Amino acid sequence: MKNMKKGVVMLLMLLLVSTMLMGCKPKVGPDESAKIISDFMVKGDRTKISQIIKDKKELDKYDKKEKDTFVKELKDSSSSGDLQITDAQCDEVYDSVRAALKKVTVTTKKVSEDKDSATVTVTTTYVDMTSVVKQAVTESVKEVMAEGLTDETQAKNEAVKAYIKNVAKDMKEIKPSTKTVSNNFKFKVQSNVWVPEDEDAFETKLGEMVLGE
């Protein structure tokens, strides 16, 4: 009887330890985490991101930083050419770019995994925004030249309006590539979730992938 009781106690202890270990294991695997994080960064998809990042303020902060950086770069590039672009025009371009990126497909596959590190292959289609921008510039120049404007300031303002209109239209009509690009990324366990080992490098490379760079 003593041996039986001892055996039961040992089994209960093993069960308790196993349960505790299960509780410490991330609920979302590294490949699924990579997919969720990529969809959020590329498409702004928040459907499952709460499984990785609980704080909504952090998500809002990330979105704001992305938009602020985009708008600043757009305004800086226009001011260098002595062109004026409004906040509303910046918003229109930004929204069209986001719409284009939503068309990108992201898939992930786990290559390897141990206790607290993993390697995941991220594969994406991409959108050729460089071609869209060049096309929008060509269309805008033709439109402004056809108006026969003689005032330089007026011509520049009309060129900006035409460019914003054309780039927004072309971005919304853009089709993602049929080809894909892939890269391997290291992931680690942090606060009981799988996250990129180097978040900045992951974000930078992912951005290059979805733009086909």
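Here the sequence shown stands for residues -23 to -1, 1 to 190, numbered as in mature numbering (1 follows the signal peptide of the UniProt record, and there is no 0). Where is the CB? At the ideal position from N, CA and C, for every residue including glycine. Bear in mind the structure is a predicted one, so any value in this text is a computation, not a measurement.
Asked, Found
"For residue 144, which residues does DSSP report across the bridge?", "According to DSSP, which records beta bridges pairwise, residue 144 is partnered with nothing at all."
"What does the alpha-carbon distance come out to for the pair residue 138 and residue 73?", "15 Å"
"Using the Cβ count rule (16 or more neighbours within 10 Å means buried), how would you classify residue 117?", "buried"
"Taking DSSP as the reference, what is the three-state secondary structure of residue 134?", "helix"
"Within a Cβ cutoff of 6 Å, which residues of the same chain sit near residue 157, ignoring the five residues on either side of it in sequence?", "100 and 102"
"How many angstroms separate the CA atom of residue 152 from the CA atom of residue 146?", "12 Å"
"If you check the beta carbons only, do residue 97 and residue 8 fall under 8 Å apart?", "yes"
"Which term fits residue 111, buried or exposed, when burial requires 16 or more other beta carbons within 10 angstroms of its beta carbon?", "exposed"
"Residue 81 to residue 177, Cα distance in whole Å?", "21 Å"
"In the DSSP assignment, the alpha helix (DSSP H) including residue 34 goes from what residue to what residue?", "33 to 56"
"So residue 12 is in the alpha helix (DSSP H); what residue range does that whole segment cover?", "7 to 20"
"Within a Cβ cutoff of 7 Å, which residues of the same chain sit near residue 22, ignoring the five residues on either side of it in sequence?", "16"
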